[in-house]
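Here the sequence shown stands for residues 28 to 871, where the numbers follow our numbering.
Contents: one structure, followed by commentary.
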Amino acid sequence: MSRHVVVVGGGPAAYAFARAMADHADAGRSTARVTVLAEEPAIPYDRVALSSALTGAVDLTLGDASLWERTDIDLVTGIRATAIDPGTRTISTSDTGPLSTIGYDELVLATGSSAARLPIPGAEATHVYRTLADIDTLRAETARLTTTLGRRPRAVIVGGGLLGLEAAAGMAELGCDPVVVDLADWLMAAQLDAGGGEALGRLVTARGLTLRTGVRTSHVELDADGNVAALALVDDDPIPADLVVVAIGVRPRDELARDAGLAIGPRGGAVIGADCATSTPGIWAIGEVACFDDRCVGLVAPANAMAGVVADRLCGIPSEFGGFDTATKLKLSGVDVASFGDAFGHTPGALEVVYADPARGLYQKLVLDDAATTLLGGVLVGEASAYAGLRPLLGRRLPAAPGAYLGVGGELPTDAGLPDDATLCSCNNVSAGTVRETVRGGCCDLAELKQCTRAGTTCGSCVPLLKKTLDAELSAAGVEVSDALCEHLPLSRAALFEQVRLLELRSFDEVLTRLGSGHGCDICKPTVASVLSSLHNEYVLDSGRGSLQDTNDRALANLQRDGSYSVVPRIPAGEITPEKLAVIAEVAQEFGLYTKITGAQRIDLFGARLDQLPPIWKRLVDAGFESGHAYGKSLRTVKSCVGSTWCRYGVGDSVAMAIELELRYRGLRSPHKLKMAVSGCARECAEAQSKDVGVIATEKGWNLFVGGNGGAQPAHARQLATDVDGETLIRLIDRFLVYYVRTADRLQRTARWLEDLDGGIDHLRQVVVEDSLGLAEEFEESMARHVENYSDEWADTLADPERLRRFRSFVNAPLTPDESAQYVIERGQRRPVALGETIPVRAR
Numbered sequence: 028m029s030r031h032v033v034v035v036g037g038g039p040a041a042y043a044f045a046r047a048m049a050d051h052a053d054a055g056r057s058t059a060r061v062t063v064l065a066e067e068p069a070i071p072y073d074r075v076a077l078s079s080a081l082t083g084a085v086d087l088t089l090g091d092a093s094l095w096e097r098t099d100i101d102l103v104t105g106i107r108a109t110a111i112d113p114g115t116r117t118i119s120t121s122d123t124g125p126l127s128t129i130g131y132d133e134l135v136l137a138t139g140s141s142a143a144r145l146p147i148p149g150a151e152a153t154h155v156y157r158t159l160a161d162i163d164t165l166r167a168e169t170a171r172l173t174t175t176l177g178r179r180p181r182a183v184i185v186g187g188g189l190l191g192l193e194a195a196a197g198m199a200e201l202g203c204d205p206v207v208v209d210l211a212d213w214l215m216a217a218q219l220d221a222g223g224g225e226a227l228g229r230l231v232t233a234r235g236l237t238l239r240t241g242v243r244t245s246h247v248e249l250d251a252d253g254n255v256a257a258l259a260l261v262d263d264d265p266i267p268a269d270l271v272v273v274a275i276g277v278r279p280r281d282e283l284a285r286d287a288g289l290a291i292g293p294r295g296g297a298v299i300g301a302d303c304a305t306s307t308p309g310i311w312a313i314g315e316v317a318c319f320d321d322r323c324v325g326l327v328a329p330a331n332a333m334a335g336v337v338a339d340r341l342c343g344i345p346s347e348f349g350g351f352d353t354a355t356k357l358k359l360s361g362v363d364v365a366s367f368g369d370a371f372g373h374t375p376g377a378l379e380v381v382y383a384d385p386a387r388g389l390y391q392k393l394v395l396d397d398a399a400t401t402l403l404g405g406v407l408v409g410e411a412s413a414y415a416g417l418r419p420l421l422g423r424r425l426p427a428a429p430g431a432y433l434g435v436g437g438e439l440p441t442d443a444g445l446p447d448d449a450t451l452c453s454c455n456n457v458s459a460g461t462v463r464e465t466v467r468g469g470c471c472d473l474a475e476l477k478q479c480t481r482a483g484t485t486c487g488s489c490v491p492l493l494k495k496t497l498d499a500e501l502s503a504a505g506v507e508v509s510d511a512l513c514e515h516l517p518l519s520r521a522a523l524f525e526q527v528r529l530l531e532l533r534s535f536d537e538v539l540t541r542l543g544s545g546h547g548c549d550i551c552k553p554t555v556a557s558v559l560s561s562l563h564n565e566y567v568l569d570s571g572r573g574s575l576q577d578t579n580d581r582a583l584a585n586l587q588r589d590g591s592y593s594v595v596p597r598i599p600a601g602e603i604t605p606e607k608l609a610v611i612a613e614v615a616q617e618f619g620l621y622t623k624i625t626g627a628q629r630i631d632l633f634g635a636r637l638d639q640l641p642p643i644w645k646r647l648v649d650a651g652f653e654s655g656h657a658y659g660k661s662l663r664t665v666k667s668c669v670g671s672t673w674c675r676y677g678v679g680d681s682v683a684m685a686i687e688l689e690l691r692y693r694g695l696r697s698p699h700k701l702k703m704a705v706s707g708c709a710r711e712c713a714e715a716q717s718k719d720v721g722v723i724a725t726e727k728g729w730n731l732f733v734g735g736n737g738g739a740q741p742a743h744a745r746q747l748a749t750d751v752d753g754e755t756l757i758r759l760i761d762r763f764l765v766y767y768v769r770t771a772d773r774l775q776r777t778a779r780w781l782e783d784l785d786g787g788i789d790h791l792r793q794v795v796v797e798d799s800l801g802l803a804e805e806f807e808e809s810m811a812r813h814v815e816n817y818s819d820e821w822a823d824t825l826a827d828p829e830r831l832r833r834f835r836s837f838v839n840a841p842l843t844p845d846e847s848a849q850y851v852i853e854r855g856q857r858r859p860v861a862l863g864e865t866i867p868v869r870a871r
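Now the structure itself:
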């Protein structure tokens, strides 16, 4: 008879073991029957992505659910194991029926861990962040508090590690004002050194999270009704709170192992050897409940490795667990963080190569051996694109100087292929050689490659490197590499643009019906929306296009960290009358808005509610303003110096030219935002050579520069034309912009597009200036249609009652909002007016 293997636990480790046993069975190496006993009612799900479930329904199911439909694998959910009897090899459960006792031949403990609780008074009123049930509780409690309090709830998250930061970001998405509290002096102290932790702190603070590090909690303060009022600290002021979420770590769920007499580690967990066997014959332990080398680690990669070892052992394969890989990668609200290997430089003789740019929020460190050639570890904060390439090189000689991997956009040189024995996917222990062999065996698609090797199916951080390896193998075999936009649209963005243009498609449904399949995703929806807007220049939220847009585009305003919006009126070239300045001041005073001159020299008004946007727009539109498109992937501004009108050095009227350019290209949808500048002389006060389009006046006309970018990946613009007259200048810019809009990849700045363009600036000059493709007239006509059909989105919204309905806080809210609620704006942050408080002039 086949052996009966019982797995206690229904998390990622249990899934990995069941998957491994299924693979062995399919290969003819196993005839075992596997029963997975899961306490939770859900089938095994991805705890790594748990925070994504905070803001809505999302499928976190691990792998292909068909695994649980196999005849040799039984999944039992909603039943808890209560005791193990190693003598009779039976398990007692919470079931009162036929499953009250389950016999086994081999038992695999995959009970995972439970969320640690605060050992302080009032801890019973706190929440944890560990299971789907916890997530449902947090969502319900946040909704209740929002309704009851009539404001954003104050959520205090105790714990500044990976889970705590993800919880804080999730609570912010739910509409809370989060504060992160941690005993350590900096965030993620277990993974990051002081420099990395401090850099991360600056980045997350800039994205709306309040931090209180280096403090110890005392107790949870409750009000007279038993509701959370504050989190008290030792030797510090209490933090006001409406709910407290504890994310201070996990503890192995080893109660079954303890009661059954298994050896337990010094800090808990069932002790295992390299074979993952416990001290009791027939019982194995994997994942967070397993104690190896006196440690339990709550990461996916070692859990998967242990699962593979036990499955191998049960099938007669002498596999061993090689130890913990503690590499971690965090993606929090646009902040990249990675830590791997000997991140703290504990290895004797270790050298540290550090790149720090506080102004850009970057901190990157590589730890090397004493010869500065072998990679031992690293910390990447603010820009972690190099992680996927560096992580597999741990313990190996770097193929380039350490500095090549640091700085903005640092990554493996494209010609530095990984050795075959290097681990490409650490979560599932997949080597680069395995990936290459799989591709050579006929697996030529990324989705298929992930399914065949399971690389990239867990945390996803190795997917870019997986794609590079796939493309390199296909290119080496003479196979054309796919540049599909996503799984729903098998076209590059440039090909998609041409197909939509030629077929005259006008909606997302038409695009999917004619060119793709499925229902779309977060990649193709905004891309198609951008293409449709670029081609047809229609109101961006009509005809079902609203649901395709990003948050800012849907609101025609910029969403801020407190849930309010900012409004940026267009001020072409920065030229403005005193009367218009007065209107902006009046609007800011009337609506209690915080005002600031932006980095692009525009006036930004912060703190508006969604329902306040239309009346604010009306005041501005009536005064002659229009949308500045600060929210869209389009032209933001044309910066200008004062030019020859005022400046004694000016040789050209830069203000007039900048106004002409801004009015011509306003609202032009493009793959990424566009910025332009016009300088009146070679002194370059407008910094034109750092813009997507830069113009500099000369004694003979204008010099045109293109492909410059500031921001996180700065690039100097390249000169495209010299000493051209104004009419020629505009024709060349028309051609350049249309060529870029039609051929660039999604979210690709002009600098990166120009770098990737075959032939670079020389090819671009041939196309744009010399008309080598014969498309100049078509490009100019396309831009002329944009100019002719442009209309202001704010004014269009105000003119249509149906469009105005989008700008209500709730579907059933009255069209005229209740203005009785009062608050004070302090540097753009809203707080309620206290009872009896004298209301300042700018209060609302």
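The beta-carbon is built from N, C-alpha and C at its ideal position, and this holds for glycine as well.
### Query
When we look at the beta-carbon of D264 and count the other beta-carbons within 10 Å, is it buried (16 or more) or exposed?
By the 10 Å Cβ count, D264 comes out exposed.
### Query
Are the stretch 215-224 and the stretch 241-252 touching, with three or more C-beta to C-beta distances below 8 angstroms?
With the rule of 3 Cβ pairs closer than 8 angstroms, the stretch 215-224 does not count as touching the stretch 241-252.
### Query
What's the gap between the Cα of L731 and the Cα of R675?
22 angstroms
### Query
Between G309 and the rest of its own chain, which residues show a CB-CB distance below 8 angstroms, the 5 nearest in sequence each way excluded?
P113, R116, Y131, D132, E133, L134
### Task
Output the residue ranges of the beta strand (DSSP E) runs that lie fully inside the stretch 662-729 and measure 3 residues or longer, sorted by chain position.
662-667, 701-706, 720-725
### Query
Okay, do the stretch 401-409 and the stretch 361-374 touch, 3+ Cβ pairs below 8 angstroms being the bar?
yes
#### Entry: Buried or exposed by the 16-neighbour rule on C-beta atoms within 10 Å, applied to T123
exposed
### Task
Please report how far the alpha carbon of Q478 lies from the alpha carbon of T88, in whole angstroms.
15 angstroms
### Spatially closest choice to D752 from R745, W729, L759, R773, by CA coordinates
W729
### Inter-residue spacing [alpha-carbon to alpha-carbon] between Y382 and A399
Those two C-alpha atoms are separated by around 15 angstroms.
### Query
Can you tell me whether Q628 is buried or exposed, with buried defined as 16 or more other CB within 10 angstroms of its CB?
exposed
### Query
Would you call N331 buried or exposed, if buried means 16 or more other Cβ atoms sit within 10 Å of its Cβ?
buried
### Query
What residues in its chain sit with their C-beta under 6 angstroms from that of D631, if we drop five residues either side in the sequence?
Closer than 6 angstroms at Cβ, skipping near neighbours: S593, V595, K623, T625.
### Task
Assign H546 to one of two classes, buried (16 or more other C-beta atoms within 10 Å of its C-beta) or exposed (fewer than that).
exposed
### Task
Could you round the C-beta distance between V794 and Y766 to whole angstroms and report it? I think they count as a contact, below 8 angstroms.
6 angstroms
### Message
Can you tell me which residues form a DSSP beta bridge with W27?
### Response
No answer is possible for residue 27: it lies beyond the span of the chain, which begins at 28 and ends at 871.
### Task
Run the CB neighbour count on V614, radius 10 Å, all protein chains shown included, and call it buried at 16 or more, exposed below.
buried
### Query
Expressed to the nearest angstrom, what Euclidean distance is found between the alpha-carbon atoms of D99 and I291?
32 angstroms
### Message
Given a cut-off of 9 angstroms on the beta-carbon distance, is the pair P925 and G422 in contact?
### Response
Residue 925 lies beyond the stretch modelled for the chain, which goes from 28 to 871, so this question has no answer here.
### Message
Do G409 and L192 have their beta-carbon atoms positioned less than 9 angstroms apart in this structure?
### Response
Inclusion of L192 and G409 in the CB contact set at 9 angstroms is not warranted, their separation being larger than that value.
### Message
Less than 9 angstroms between the beta carbons of R418 and S453, yes or no?
### Response
In this structure, R418 places its C-beta atom within 9 angstroms of the C-beta atom of S453.
### Message
To the nearest angstrom, how far is the alpha carbon of V508 from that of C489?
### Response
19 angstroms
### Message
Quick check: the Cα distance between V61 and A76, rounded to an integer number of angstroms?
### Response
27 angstroms
### Message
Across the stretch 173-193 and the stretch 338-347, are there enough close Cβ pairs to call them in contact, namely three or more that are closer than 8 angstroms?
### Response
no
### the stretch 782-794 touching the stretch 818-827, judged by at least three CB pairs closer than 8 angstroms
Contact check between the stretch 782-794 and the stretch 818-827: fewer than three CB pairs, one atom from each, fall below 8 angstroms, which does not count as touching.
### Task
Could you give the DSSP three-state label for D112: helix, strand or coil?
strand
### Query
Cβ atoms of A268 and D257: under 9 angstroms apart, would you say?
Note on identity: in this sequence residue 257 is Ala, with Asp being the wrong assignment. Yes.
### Message
Quick check on the burial criterion: 16 or more other C-beta atoms within 10 angstroms. Buried or exposed for N254?
### Response
exposed
### Query
Exposed or buried, R776, counting other C-beta atoms within 10 Å across all chains shown (16 or more means buried)?
buried
### Task
Along the alpha helix (DSSP H) that carries E168, what are the first and last residues, could you check?
159-176
### Task
List the DSSP bridge partners of P279.
S140
### Contacting residues, own chain, Cβ-Cβ under 6 angstroms from D161 (five flanking each side not counted)
Result list for D161: V155, in chain order.
#### Entry: Helix, strand or coil at P293 [DSSP, three-state]
Three-state DSSP puts P293 in a strand.
### Query
What are the partner residues of R322, as DSSP defines its beta bridges?
F319
### Query
If you pair each beta-carbon of the stretch 317-336 with each one of the stretch 384-396, do three or more pairs fall below 8 angstroms?
no
### Query
How would you label W673, buried or exposed, when you count the other beta carbons within 10 angstroms and need 16 or more for buried?
exposed
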